[in-house]
Each structure stands twice: as structure tokens, then as C-alpha cells.
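**Student:**
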Amino acid sequence: MRPTLASVVLVADLTGTVVFAAEGAMVASARHLDLFGIMVLACVVALGGGMIRDVLIGAVPPSAIRDWRYPALAFLTGLVVFVLPPALRLAPGGSVLAGLDAAGLSLFAVAGAEKALSRGVGPLGAALMGMVTGVGGGVMRDLLLARVPLILVSDIYATAALAGAAVVVACRRLAVPVAWGAVAGGLVCFGLRLAALRYGWNLPGAAR
Amino acid sequence: MRPTLASVVLVADLTGTVVFAAEGAMVASARHLDLFGIMVLACVVALGGGMIRDVLIGAVPPSAIRDWRYPALAFLTGLVVFVLPPALRLAPGGSVLAGLDAAGLSLFAVAGAEKALSRGVGPLGAALMGMVTGVGGGVMRDLLLARVPLILVSDIYATAALAGAAVVVACRRLAVPVAWGAVAGGLVCFGLRLAALRYGWNLPGAAR
Amino acid sequence: MRPTLASVVLVADLTGTVVFAAEGAMVASARHLDLFGIMVLACVVALGGGMIRDVLIGAVPPSAIRDWRYPALAFLTGLVVFVLPPALRLAPGGSVLAGLDAAGLSLFAVAGAEKALSRGVGPLGAALMGMVTGVGGGVMRDLLLARVPLILVSDIYATAALAGAAVVVACRRLAVPVAWGAVAGGLVCFGLRLAALRYGWNLPGAAR
Chain L
1 MRPTLASVVL
11 VADLTGTVVF
21 AAEGAMVASA
31 RHLDLFGIMV
41 LACVVALGGG
51 MIRDVLIGAV
61 PPSAIRDWRY
71 PALAFLTGLV
81 VFVLPPALRL
91 APGGSVLAGL
101 DAAGLSLFAV
111 AGAEKALSRG
121 VGPLGAALMG
131 MVTGVGGGVM
141 RDLLLARVPL
151 ILVSDIYATA
161 ALAGAAVVVA
171 CRRLAVPVAW
181 GAVAGGLVCF
191 GLRLAALRYG
201 WNLPGAAR
Chain V
1 MRPTLASVVL
11 VADLTGTVVF
21 AAEGAMVASA
31 RHLDLFGIMV
41 LACVVALGGG
51 MIRDVLIGAV
61 PPSAIRDWRY
71 PALAFLTGLV
81 VFVLPPALRL
91 APGGSVLAGL
101 DAAGLSLFAV
111 AGAEKALSRG
121 VGPLGAALMG
131 MVTGVGGGVM
141 RDLLLARVPL
151 ILVSDIYATA
161 ALAGAAVVVA
171 CRRLAVPVAW
181 GAVAGGLVCF
191 GLRLAALRYG
201 WNLPGAAR
Chain Z
1 MRPTLASVVL
11 VADLTGTVVF
21 AAEGAMVASA
31 RHLDLFGIMV
41 LACVVALGGG
51 MIRDVLIGAV
61 PPSAIRDWRY
71 PALAFLTGLV
81 VFVLPPALRL
91 APGGSVLAGL
101 DAAGLSLFAV
111 AGAEKALSRG
121 VGPLGAALMG
131 MVTGVGGGVM
141 RDLLLARVPL
151 ILVSDIYATA
161 ALAGAAVVVA
171 CRRLAVPVAW
181 GAVAGGLVCF
191 GLRLAALRYG
201 WNLPGAAR
């Protein structure tokens, strides 16, 4: 059986939720927040981007509220990180955490673009929604921690999400099967992000 | 006549609006913001949580915009605080202000959970909506003041709101009359919050 | 042919988008953000206020997502600022930039109030929606830059937007033609803002 659009969105969304919840919980525990702070950051990073997307495309209540699996997965993941011995937690800035983050970004960029397309949003809007889904949770995390969002100051991050989402939109236009478009978009985002990290790629700044 | 769900939500919402508007205005005046800043913080703290809730459950335009009594009450309360002589304003960190804040938190947690249930949101989602309604205004206040939201760094605050909202949801499941469930949920939230303040309860941090 | 409500909103919204995108891009380039950061700030300042308005009045997906002209204009404007030689960029705090900003504020306050009225929002709510449309993008910019929003700490800014929006609402009540009401509201906002800048007007602070 060929995977349907809804199932591609669901799998990408739920996997991204676990990945981003783990990342949020690790950032919170590195900051010595209490159990609730860890849970909040896990939920915000994991559910924030999808909630912004759903509110913007009019899919309310957002999946993260309507479907108990989203908050339950985020909570559970936060709890697992909480009880992990410190030695097993990933170092902030380490390459495993960066890989996890790139995976979550790619999954959400794909899920966001597919879901926006499925609600009749146009191509440019859908690509932007993919980007917002990917970076929204991280931006909310940085706002809560009162720091300038990382995406504003460094690296190819949101650009990778936008590129991946654009590939998804283009594949749909070319009538490529949904699952193939999702894999292609995800790989473009993931590859771009990892390459940017590996080789220190940055976008140019304005002339000074 | 038995109080209806709509009237319970309305009374809790409007009372919470006054309480939180007063708190926001006092925080703003302690920071020496001008009249507009005081009005903005009064409105943000009083209306922010409910607006986030209404947007998330698809009840748009939110009550705070559709129903003139919400912004009018917040404005009026801000104005009253503005003209108060300094001696009558509550000290930030003082126990009267903390009591007011706990009351607003409880009222909004109850109203948020009831309203979400009434729109068909499931039990876990409704409890989360109660928490968001209670803490949303305070988080927006802290974001505007460019500081890490208090709920992330200390005390049992959002946890109390979540517990109160969960009691409301559980009472509904057990077919307890609406008003009783609201009172029970409110008391649980209020009691937990005050006890946490009184005895310095905190959630555990992650192992270091 | 008499201009219709929809065309007044569209013209004010699109012009405001260009003006605010230019302002956001200039602020970002003054902070030495990279190309993506410049694009993000251009989009956030230009589209943020309208998106908040559209979400709150239930006009989802917001125009900024449904109508490709909005993000395209914001991108294009950001790109133009990016390739400008530094000598041609406007100095932050300079009077040309302040004039542009006042123009964007007035255009958005008018568009926001008109659109809210057209969706059946009441008078007080519509005036508040005009203010939110005008100041929303700037507040999101300041949140992303992790600083206290300028509107909270100084000057008559949001007050000017609220006054302009209130004029639009009052004109509608008095059955003044839409275009005239829009011009009157815009001039009130623009004049108030420039006068406040020129003469250093501020709202009173609370008694100390």
C-alpha cells in the first residue's frame, strides 16, 4: 500500500516531536532548570513549531492539543531525559545533539510543508509554513531563555528548512508521490544543515 | 437555578481579568513605565492567557476582542492603579500581590479548562489549555520585559495551574456539577500555589 | 469609481509591508546580521502585525500566507536593502527612518481597524486590532533581538496607532466613506507620531 499524505505528515510530525523534545529537555537540564522547566522546554521545542503552523493555516485546535499523542510523547521524552544520569546526557554544542537537531528540523520542515499544501495553502506559503514548523519551536525556546534566537545570528539553519520545504512543494507540483517528495525534501534539509555545520558555511552579511 | 457552564467560565474569566490587570499594572508602575506601558502590561497579563487559549481552541475572535467587557475591565483596572498614590500600591514580591496572583492563576486555570472542554477538546488537551490560560499572560509579561519567565526558573506555579485544571477535567468526567468542579479545581490550584510559596516547595532539578 | 473597503485595506497593507520591510532590513543590517537574518527581520516587521491581527479575527490563513504578494514584497524589499551600498542605508535613529516608520505604523493601523470592522469585530475590538496591526511587527522584532520593546519604554507610539484606528472606527460609525475615514485615521496617527518625535512628547509616568 502506498503511504498516504496524512500518514507521512503524522510519522514525520511524531518522530520530530520526540527528537525536539529530547533536545529541549537537554538544553533545560544543562541550564539547571527544575523538572517543570525541563518539561516546558521539551514541550515548547517539540510542539511550538507545529502549533504556530496549525494556528496559521487554520487547523485549530492544533494537533498538539487535539491529539493526545503529541503532548504525551513530549512529556515522556522530557521525563526520560530528566531521569538519565548526567553522563548519558548530550553535551550542548556536541555533534550528536546537532545531528538530532538537524533531523528534527528536517522532519518538521517536511511535515509542515505537506500539511500546509493539504489545506490548500499556495506554494510560497507552504514553503514558508515548512520553515516556520521547523524553526518555530527553537525560536520560542530562545525567547523563553531571553536570548537572541540562534537562527538570527548564525549558520544556515532556517535556510535549510526553507530549502527542504521548497523541495517538498516542487515535488508535489511535479506530481512526485508524496512519500518520495517527503524523503527528498528531508534529505535536502538534513544534508544542507550538516554540511553547513561541518564546513562552517554561512550566508553573506551585508556590505559594511 | 444551577449555574451553567458558560456563566462559570464568564465569572472566573472576568474576575481573573481584574486581578491579573491589577498585578500587571503594579509591576509596570514599579518599573516606572509610562501610562501606556502600564496599560499594555495590564492588558497583556490580564488578556494574554485567554487570547492564546481562544486562538488555540479556535474560538476566534477571542473573548478579549469580541466582548468589550474584557479590555474595558483591564483598562479601567490599569487606570485605577495608575492614579493610586504610591503608598497604596502593593510591593512587588509582597504577600498580598502574591495572593492576588495565585487567585488570578486559579480563576484562569479553571476557566481555561472548562472552556476547552466545552469546545470538545480532549482531557489532556483541556488540562493543558487550563495551564496555558493561567500562565500565558505572565509569560508574555516576562517576554516583554526581556527576562526569563519566572515559571521556568522557580517554584510550583504552572504545576499548580495544571493540577487545578486536571481536577476540573476529572470532575467533568465524574459528572460532578460544573460549579463544584470549578470550585474544587480553583481551591487545589490556589492551595498548592500558596503552600509552595509558604513552605518554599520546589520541583526537583535534574541530577547534576 | 469609489474605492471599496477591500481595496483600501489592500493598498494600505501592501504599502505598509514595503515600508516596514525596509525598516526591519535596515535594523538587521545595522546589527550585522547575515542575509537570512535580514530577510527574517524584514518579514517579521512587515508581516508580523498583520498575521497577529488575522489570527485574532479568525481570518486564517493570514493574508501574509495566503496571498503571495505579501511575502514576495517583503523578501524583495529585504534584498534591495541588502545590496544597497552602506552609504545609502538609513542611519538607525535618523529622521528619514523615523518618518518611514511613522508611515508604516499609520498604514497598518488603518488597515487593521478596517479589516477588523469588515469581519464584524466591535468598535473597541477593532480599534485595538488596528493598534496591534501597527505595533505587532515592531514588538516581534524587539522580542527576537532580546530587548524590551521600544513601545513599552518611550514616546507616543502605540497610542498614536490606537488614536488613528479609533478615528477609522468613529468614521465608520458616522457613515463617512471608507477612503476618507482611512485618510483621516492615517493622518491622525502620522501627525501624532511625528509631533511626539519632534516635541519629545511622552505620556505621564505613574506618581512616584
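Residue numbers (the UniProt record's numbering), protein chains in the order written: chain L, 1 to 208; chain V, 1 to 208; chain Z, 1 to 208.
Every residue, glycine too, gets a C-beta built ideally from N, C-alpha and C.
Since the model is a prediction, treat every value here as computed from it, not as a measurement.
Spatial neighbours of D54(V) within its chain, please: CB distance less than 7 Å, with the 5 preceding and 5 following residues excluded, ordered by chain position.
**Tutor:** V60, P62, S63
**Student:** Is R66(V) near the ligand SAH, judged by its Cβ being under 7 Å from some heavy atom?
**Tutor:** Absence of the ligand SAH from the depicted structure is noted, as is the absence of any ligand whatsoever, leaving it without description.
**Student:** Fully enclosed by the UniProt domain "Glycine transporter" (100-172) of chain L, which beta strand (DSSP E) runs are 3 residues long or longer?
**Tutor:** none
**Student:** List, in chain order, every chain L residue whose beta-carbon is nearer than 7 Å to that of L145(Z).
**Tutor:** Result: V148.
**Student:** Any idea what DSSP makes of D13(Z), helix, strand or coil?
**Tutor:** Reduced to three states, the DSSP call for D13(Z) is helix.
**Student:** Are M131(V) and A161(V) touching if we call contact CB-CB under 8 Å?
**Tutor:** yes
**Student:** Establish whether the CB of I57(L) and some CB of chain Z are separated by less than 8 Å.
**Tutor:** Closer than 8 Å: yes.
**Student:** Let's test the definition: count the other Cβ atoms within 10 Å of the Cβ of L192(V) and tell me whether it reaches 16, buried, or not, exposed.
**Tutor:** The residue is buried, with at least 16 neighbouring Cβ atoms inside 10 Å.
**Student:** Determine the chain Z residues that contact V121(L) at a beta-carbon separation under 8 Å, and present them in chain order.
**Tutor:** P61, I65, R66
**Student:** What does G125(L) touch in chain Z if you count any residue whose Cβ is under 8 Å from its own?
**Tutor:** P61, I65, R66, W68, P71
**Student:** What span of residues does the alpha helix (DSSP H) with A182(Z) cover, start to end?
**Tutor:** 178-199
**Student:** Using 8 Å as the limit for Cβ to Cβ distance, is V40(V) near chain Z?
**Tutor:** Yes, V40(V) counts as interfacial toward chain Z.
**Student:** On the three-pair Cβ rule with 8 Å, is the segment 140-148 of chain V touching the segment 172-190 of chain V?
**Tutor:** no
**Student:** Between A87(Z), G185(Z), G37(Z), V27(Z), which lies nearest to G164(Z) when the distance is taken from Cα to Cα?
**Tutor:** G185(Z)
**Student:** Which chain L residues are close to G137(Z), counting only those with a beta carbon under 7 Å from its beta carbon?
**Tutor:** In chain order: nothing, as chain L lies at least about 15 Å away.
**Student:** Is the distance from the Cβ of A74(Z) to the Cβ of L105(Z) below 8 Å?
**Tutor:** no
**Student:** As an exercise, report each continuous beta strand (DSSP E) stretch of at least 3 residues that is fully enclosed by the segment 1-73 of chain L, in chain order.
**Tutor:** none
**Student:** Within 8 Å (strictly less), CB to CB, does G50(L) reach chain V?
**Tutor:** no
**Student:** Measure the CB-CB distance between V27(Z) and R141(Z) and report whether it falls below 8 Å.
**Tutor:** yes
**Student:** Going by the CB atoms, is the gap between G16(Z) and A111(Z) shorter than 8 Å?
**Tutor:** The answer is yes: Cβ separation under 8 Å.
**Student:** Between G37(V) and chain Z, is there a C-beta pair that is closer than 8 Å?
**Tutor:** With 8 Å as the cut-off, G37(V) counts as an interface residue toward chain Z.
**Student:** For V45(Z), which residues from the same chain have a beta carbon less than 7 Å from its beta carbon, with the 5 sequence-adjacent residues on both sides left out?
**Tutor:** F20, A21, E23, G24, G137, G138, R141
**Student:** Any idea if S7(Z) is buried or exposed, counting beta-carbon neighbours within 10 angstroms, 16 or more meaning buried?
**Tutor:** exposed
**Student:** Sorted by chain position, which residues of the same chain lie with C-beta nearer than 7 Å to G134(V)'s C-beta, five sequence neighbours on each side aside?
**Tutor:** G49, L105, F108, A109, G112, A161
**Student:** Take A158(L) and list the residues in its own chain whose beta-carbon comes closer than 7 Å to its own, dropping the five residues that flank it on each side.
**Tutor:** Correct list, in chain order: M131, V135, I151.
**Student:** Take the Cβ of G120(L) as the centre, count every other Cβ of all protein chains shown within 10 Å, and call the residue buried at 16 or more, exposed below.
**Tutor:** exposed
**Student:** Thinking just about the alpha-carbon of each residue, which of L33(V), V167(V), Y70(V), A127(V) is nearest to the one in D66(L)?
**Tutor:** Correcting the residue identity first, residue 66(L) is Arg in this sequence and not Asp. Ranking L33(V), V167(V), Y70(V), A127(V) by CA distance to the CA of R66(L) puts A127(V) first.
**Student:** Would L128(V) pass as an interface residue toward chain L - the criterion being a Cβ-Cβ separation below 8 Å?
**Tutor:** Yes, contact with chain L.
**Student:** Just to confirm before moving on: does the CB-CB distance between A98(L) and L197(L) stay below 8 Å?
**Tutor:** Cβ distance < 8 Å, so A98(L) and L197(L) count as in contact.
**Student:** Rounded to whole angstroms, what's the CA-CA distance from V83(V) to K115(V)? Just pull it up for me.
**Tutor:** 34 Å
**Student:** State yes or no: is the C-beta of W68(V) within less than 8 Å of the C-beta of L124(Z)?
**Tutor:** Yes; because the gap between Cβ atoms is below 8 Å, this pair is in contact.
**Student:** Can you check whether the C-beta of A158(L) is within less than 8 Å of a C-beta belonging to chain Z?
**Tutor:** yes
**Student:** Find out if the Cβ-Cβ distance for the pair G78(L), M39(L) is shorter than 8 Å.
**Tutor:** Yes, they are a contact pair.
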